[in-house]
Amino acid sequence: MSQRAPWATMAFIDADTGQLVVRVTYDGGALSGKTTTLQQFARSSSLLVESPEATEGRTLYFDWVEYVSGLYDGKPIRCQLVSVPGQLALEERRWHLVDRSDVLVYVVDSTRARFDDSWHQLERLHERLAAAANPAPGIIVQANKRDHPEAVPLALIQERAARFTDVAIVESIATKGVGVRPTFVFAVRLALDRVHALEQQGALHRLRNDIQGSDDLLREVRDAVGAETTVQAPAMAVGDALEPSAEAEPSSRDELTPPDESIPTGYVWPPVSGRVVLHEYAATPIDQISPNGRGMLMGRNDGWLVGTADDDVHEDDTSARMALVAAAREHIRFGASLSTRRCVAAKRSGGRWRIWQIVGREPTLIEAWERALPTASAGALIAIADHLVRAHETLGGQGLPCTLATIGSQRPPLFVGLLPPIRGVPSSEEPVARFLERELSPALATLGEVGRWALLEQLGHAPASPSADTLRSLLQRESG
């Protein structure tokens, strides 16, 4: 006998219909555009929005839309779309609905007058979801009212969001329907990634669905928080806009096609936050992929690195999944030693599979070095070399290749590059002096004769240290 679900606390399989039930919740401050967003989505899909006991256009309990389309592992997908009340006096109702979500679309009023308040509420939401069951529901920031003359710059929104590794940004003009459907499509992708993770954990259950419509949800909310009204495995597509099937006509060719947002659920790691990384990368994709001479094919632009091992090619779905799991385990093994904005994805192209890494670019030591070298600043160069030594002693001992280009300038040192396919003997076993000489010698090559003598003079007054001694030795050798 199937269990009974007291609430729709997470995705589940409807025991009566066999449908997968997921909930997409639209959160945000009062008048941010949540109801308008649902109305526009419903209009484009020939659906109705139900708003129990709404007063003068203000949501007192929730707005409700139900949408059935697409398949997950052969099961029809039933999406419950809910928007929550934005008034502070109704916060208890809001949290009740937020806590019963598979993905959150946080609608931000991006006008200058209301942006800060909207963002503070988002920070509270993120903190609450971070304590939720693993994996926590994903969050999409729907930056609304982008046509307003006082809308804040997108760069400011991106800067604020940079402190989160699991939050994506989508722009919208809800009154015109702009950005509404793409946001929904992305939200369902995140929800299905979470479903896949729950299924892997044995936490996707067959339950009786007690929320068959808005009346049932209204009854649930009233029972939980009271009726006082005081305004205070691989997923298929959802509709025509979600992920295409991974199945395709087989081909013997290995087409070198970088990953994109079409990658199905179950083929991106980590779940949810990996999909956010993939979405952000897809806004500025990399088309030019070339060998790096060290066993990898890679490309880069101002924001991202993308790469795949030369031989990381797989003929079938099973071997691709096994390789994806192995890559995920490798990333988990290094854990806190790696920069956080990264994901691994299995991409099918030409009938074969490749495992790709996507890594958000971070400030590196080589960039700091290139800024300091023209001024022949001994203190700055010694500090950079010292940072590299710390990375050599900590990250190198784990087998991570520590170079000026792969170590971030933040403290403590982090590995910010693509994980190479082969790691040899941990580099910390190499003597520090030899390690520094190997890494710093090429980095000094562009320094002219005047700069070398100026730097040598400064180094003559620097305290002895592996970094200062190595720099001094290299410059003396170059100066003859």
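Its first residue numbered 52, the sequence shown is counted upward by one per residue in our numbering. Cβ coordinates follow ideal geometry from the N, Cα and C atoms, glycine included.
query: What three-state label does DSSP hand CYS394 in the structure shown?
result: The residue labelled residue 394 in the question sits at position 343 within the sequence shown. Strand, per DSSP.
message: Bridge partners for ASN195 per DSSP, in chain order?
response: Within the sequence shown, the letter at position 144 stands for residue 195. Answer is ASP160.
- request: With a cut-off of 8 Å on the beta carbons, I'd call ILE116 and LEU132 a contact; round off their distance for me.
  value: Translated into the one-based positions of the sequence shown, residue 116 becomes position 65. Translated into the one-based positions of the sequence shown, residue 132 becomes position 81. As written in the sequence, residue 116 is Val, which differs from the Ile given in the question. Beta-carbon to beta-carbon, VAL116 and LEU132 are separated by about 4 Å, close enough to satisfy the 8 Å threshold.
message: So within the segment 350 to 423, which uninterrupted alpha helix (DSSP H) runs reach at least 4 residues, ignoring any that extend past its ends?
response: Correct list: 368 to 385, 416 to 423.
- prompt: Per DSSP, LEU347 forms a beta bridge with which residues?
  reply: Numbered from 1 along the sequence shown, position 296 holds the residue referred to as residue 347. In the sequence as displayed, the identity of residue 347 is Met instead of Leu. For MET347, which the question treats as bridged, DSSP gives the partners ALA360.
message: Quick check on this structure: which residue in GLU488, ARG232, GLU481 has the alpha carbon closest to the alpha carbon of LEU455?
response: For the purposes of this step, residue 455 is taken as the residue at position 404 of the sequence shown. Residue nearest to LEU455 within the set GLU488, ARG232, GLU481 is GLU488 (criterion: CA-CA distance).
query: The alpha helix (DSSP H) with ARG139 in it runs from where to where?
result: As a first step, residue 139 is located in the sequence shown; it is residue number 88 there, counting from the start. According to the sequence displayed, residue 139 carries Leu and not Arg. For LEU139, there is no enclosing alpha helix (DSSP H), as DSSP marks it with neither H nor E.
message: Buried or exposed, going by whether 16 or more other CB atoms sit within 10 Å of the CB of ALA519?
response: Indexing the sequence shown from 1 puts residue 519 at position 468. For ALA519, the number of other beta carbons within 10 angstroms of its own is at least 16, and it is reported as buried.
message: Can you check which of these residues, GLU490, GLU529, TRP320, is closest to GLY502 by C-alpha distance?
response: Translated into the one-based positions of the sequence shown, residue 502 becomes position 451. Taking GLY502 as reference, the option from GLU490, GLU529, TRP320 with the minimal CA-CA separation is GLU529.
message: What does the alpha-carbon distance come out to for the pair ALA286 and GLU444?
response: Here residue 286 corresponds to residue number 235 of the sequence shown, with the count starting at 1. Here residue 444 corresponds to residue number 393 of the sequence shown, with the count starting at 1. Low confidence applies here, because ALA286 scores a pLDDT of 37, under 50, leaving its location unreliable; read the following figure in that light. Each residue's alpha carbon lies about 43 Å from the other.
message: Contact between the segment 203 to 210 and the segment 149 to 162 is defined here as three or more beta-carbon pairs at a separation below 8 Å; is this criterion met?
response: Yes: the two stretches touch, three or more of their Cβ pairs being nearer than 8 Å.
message: So, with DSSP's three-state summary, where would you put TYR318?
response: For the purposes of this step, residue 318 is taken as the residue at position 267 of the sequence shown. Coil, per DSSP.
task: Look at VAL149 and ASP78 and say whether their C-beta atoms are less than 8 Å apart.
output: Walking along the sequence shown from the start, residue 149 turns up at place 98. Walking along the sequence shown from the start, residue 78 turns up at place 27. Against a cut-off of 8 Å, the Cβ pair of ASP78 and VAL149 comes out as a contact.
- prompt: How do the segment 182 to 192 and the segment 114 to 128 stand: do at least 3 beta-carbon pairs fall below 8 Å, yes or no?
  reply: Flag = no, the segment 182 to 192 and the segment 114 to 128 do not touch.
SER215 - DSSP class collapsed to helix/strand/coil: In the sequence shown, the residue the question calls residue 215 occupies position 164. According to the sequence displayed, residue 215 carries Phe and not Ser. In the three-state reduction of the DSSP assignment, PHE215 falls in the coil class, being assigned neither a helical nor a strand state.
Helix, strand or coil at ALA62 [DSSP, three-state]: Within the sequence shown, the letter at position 11 stands for residue 62. Reduced to three states, the DSSP call for ALA62 is coil.
message: According to DSSP, simplified to helix, strand and coil, what is GLU201?
response: To locate residue 201, count along the sequence shown from 1; it is residue 150. Coil, per DSSP.
message: Under 8 Å: do the segment 433 to 444 and the segment 458 to 474 share three or more Cβ pairs, one atom per stretch?
response: Yes, since at least three Cβ pairs between the segment 433 to 444 and the segment 458 to 474 fall closer than 8 Å, the two stretches touch.
Supposed close pair ARG393, VAL328 - CB separation, criterion 8 Å: On the sequence shown, position 342 is the one that residue 393 refers to. On the sequence shown, position 277 is the one that residue 328 refers to. Approximately 6 Å separates the beta-carbon atoms of ARG393 and VAL328; this is inside 8 Å, confirming the contact.
- prompt: Under a Cβ-count criterion, where at least 16 other Cβ atoms within 10 Å of its own Cβ denotes burial, should VAL119 be classed as buried or exposed?
  reply: One-based indexing of the sequence shown puts residue 119 at position 68. By the 10 Å Cβ count, VAL119 comes out exposed.
Bridge partners - PHE466, DSSP secondary structure assignment: Within the sequence shown, numbered from 1, the residue matching residue 466 stands at position 415. Answer by DSSP bridge pairing, in chain order: LEU389, ILE458.
query: From the DSSP output, which residues share a beta bridge with TYR77?
result: Within the sequence shown, residue 77 is the residue found at index 26, counting from 1. Note: TYR77 sits in a beta bridge opposite SER134, VAL156.
- prompt: ASP114 bridges to which residues according to DSSP?
  reply: The sequence position of residue 114 within the sequence shown is 63, counting from 1. According to DSSP, ASP114 bridges with SER134.
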